[in-house]
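Q: Residue numbers (numbering that gives the first Met the number 0): 0 to 324.
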Amino acid sequence: MGMLDQSAPPGNPDRYQWVGLQQKAAWHGFWTADKFSFDTDLIDLKRNMTPEEIQFALRSLAAVAQIEVKVKKFWAFLGMQIKDDVITGGAITMAGLEEIHNDAYKTLFRKAMLTAIMEKALEVPAIAGRVNYLTKHSVPVYALNPAKQTAYSVILFTIFVEYVSLFVPFANILRLNAERNVLKDTARQVKYTRNEETLHAMFGAGIIHEMRKEYPELFDAELEARVREEAMEAFKAECNLIDWMFEGYDSDPDHNADVMKNYVKERFNEGLEMIGYAPIFNVDSELSAKTFWMKVGVYATPKVDFFNDDPASYTQGDTNNDDDF
0 MGMLDQSAPP
10 GNPDRYQWVG
20 LQQKAAWHGF
30 WTADKFSFDT
40 DLIDLKRNMT
50 PEEIQFALRS
60 LAAVAQIEVK
70 VKKFWAFLGM
80 QIKDDVITGG
90 AITMAGLEEI
100 HNDAYKTLFR
110 KAMLTAIMEK
120 ALEVPAIAGR
130 VNYLTKHSVP
140 VYALNPAKQT
150 AYSVILFTIF
160 VEYVSLFVPF
170 ANILRLNAER
180 NVLKDTARQV
190 KYTRNEETLH
200 AMFGAGIIHE
210 MRKEYPELFD
220 AELEARVREE
230 AMEAFKAECN
240 LIDWMFEGYD
250 SDPDHNADVM
260 KNYVKERFNE
270 GLEMIGYAPI
280 FNVDSELSAK
290 TFWMKVGVYA
300 TPKVDFFNDD
310 PASYTQGDTN
320 NDDDF
């Protein structure tokens, strides 16, 4: 019997030991919005950034807000489909992190007096248009097959929302911080959430790997074809968003719309491979080299936080002036 049918009896060895490791990683990196004042960020927005940089930053933050404030409820409800207590416990842990993210970005927007601007930005077609793909995981495509619907939902949420949707705007903020030494608190908050989104994606991929072993019949050619088709549509939506974020911003030749569209292709490919599917996009290796620093930031050995003797994130090996605070 698999995770969709019953939980392991009390006292039995944990059949999903990796979940506990991910929970401990989440708890060890605990943080809240109280860590940041955003005072210097507000000064940057008022005095130290060009109009083009401000627009670029605000549009990138709007793309983050759409996810962190508006979309993320999936993990909180996953226990309604999965009966195993260990997986459900992991989902509850991930949902708790999402609430921290929700509060953190609301706090940022409030302190920087950006709430009204963010709400208006969410109505822009490039932002509103990607809601269609970001919420497809909740559409009952397999209403007559709840198990397959669960697999489909976890796949789409893991790849589209957790692994892809936030990483271009994250990169934009971190790049501004590295090159212009602005938005320091915002950048550190982005680093924390970036690393936790990676943890969430790993959790979702872990669920899919277990389901492949327990319910192999669910992962047929039809499901793979549907996921690949959805990924192609999602890529188009992300490209529209990238064009909007970079509109009027061309001061950084190594960080432009073409570079970030290639980065999105790379993220989609990696996400598909994480859950056992082949990549579908052709990636330009020269352009990929320009975003390698994002991989270093996520997967490098943890460093100690400048403001705290304890590591406050899972990995903070960013090469982009991470300690120049």
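All C-beta atoms, glycine included, are put in the ideal place defined by N, C-alpha and C.
Mind checking whether Q148 and V140 have CB atoms under 8 Å apart?
A: Cβ atoms of Q148 and V140: closer than 8 Å.
Q: Can you tell me whether T31 is buried or exposed? The criterion is at least 16 other CB atoms within 10 Å of its CB, across all chains shown.
A: Exposed: under 16 other Cβ atoms inside 10 Å.
Q: Check whether the stretch 197 to 212 touches the stretch 121 to 135, taking contact to mean three or more Cβ pairs, one atom from each stretch, closer than 8 Å.
A: The answer is no - the stretch 121 to 135 does not touch the stretch 197 to 212, with fewer than three Cβ pairs under 8 Å.
Q: How would you label Q188, buried or exposed, when you count the other beta carbons within 10 angstroms and need 16 or more for buried?
A: Flag for Q188 reads buried.
Q: Among L113, M210, D253, which residue has its Cα nearest to the Cα of R58?
A: Looking at the Cα atoms, L113 is the closest of the given residues.
Q: Taking M273 as part of the alpha helix (DSSP H), name the residues at either end of that continuous run.
A: Note, M273: alpha helix (DSSP H), 256 to 273.
Q: Is Q54 closer than 8 Å to P145 when the C-beta atoms are compared?
A: No, these two residues do not count as a Cβ contact at 8 Å.
Q: Count the other CB atoms, across all protein chains shown, that sit within 10 Å of the CB of E229; report buried if there are 16 or more and exposed otherwise.
A: The residue is buried, with at least 16 neighbouring Cβ atoms inside 10 Å.
Q: Leaving out five residues before and five after D84 in sequence, what residues of the same chain have Cβ atoms less than 7 Å from its Cβ?
A: Only S6 meet the Cβ criterion.
Q: Assuming H208 is part of the alpha helix (DSSP H), what are its boundary residues?
A: Counting along the chain, the alpha helix (DSSP H) containing H208 begins and ends at 183 to 213.
Q: Can you tell me which of the three DSSP states T87 falls into?
A: Helix, per DSSP.
Q: Using 8 Å as the Cβ pair cut-off and three pairs as the minimum, do the stretch 267 to 275 and the stretch 160 to 170 touch?
A: The stretch 267 to 275 vs the stretch 160 to 170: in contact.
Q: Taking 8 Å as the cut-off, decide whether the C-beta atoms of F156 and F234 are in contact.
A: Taking 8 Å as the Cβ cut-off, F156 and F234 do not qualify as a contacting pair.
Q: Work out the CA separation of I158 and L217 for me, nearest whole Å.
A: One C-alpha to the other measures close to 18 Å.
Q: Once you ignore the five residues that flank A170 on each side, which residues in its own chain have a CB closer than 8 Å to its CB?
A: These residues qualify, in order along the chain: H254, M259, Y262, T290, M293.
Q: Using only the alpha-carbon positions, how far apart do M93 and T197 sit?
A: Rounded to the nearest angstrom, the two C-alpha atoms are 11 Å apart.
Q: Helix, strand or coil for D219? Go by DSSP, reduced to three states.
A: Three-state DSSP puts D219 in coil, outside helix and strand.
Q: In this structure, does DSSP put D13 in helix, strand or coil?
A: Looking at D13 - three-state DSSP - the assignment turns out to be coil, as it is neither helix nor strand.
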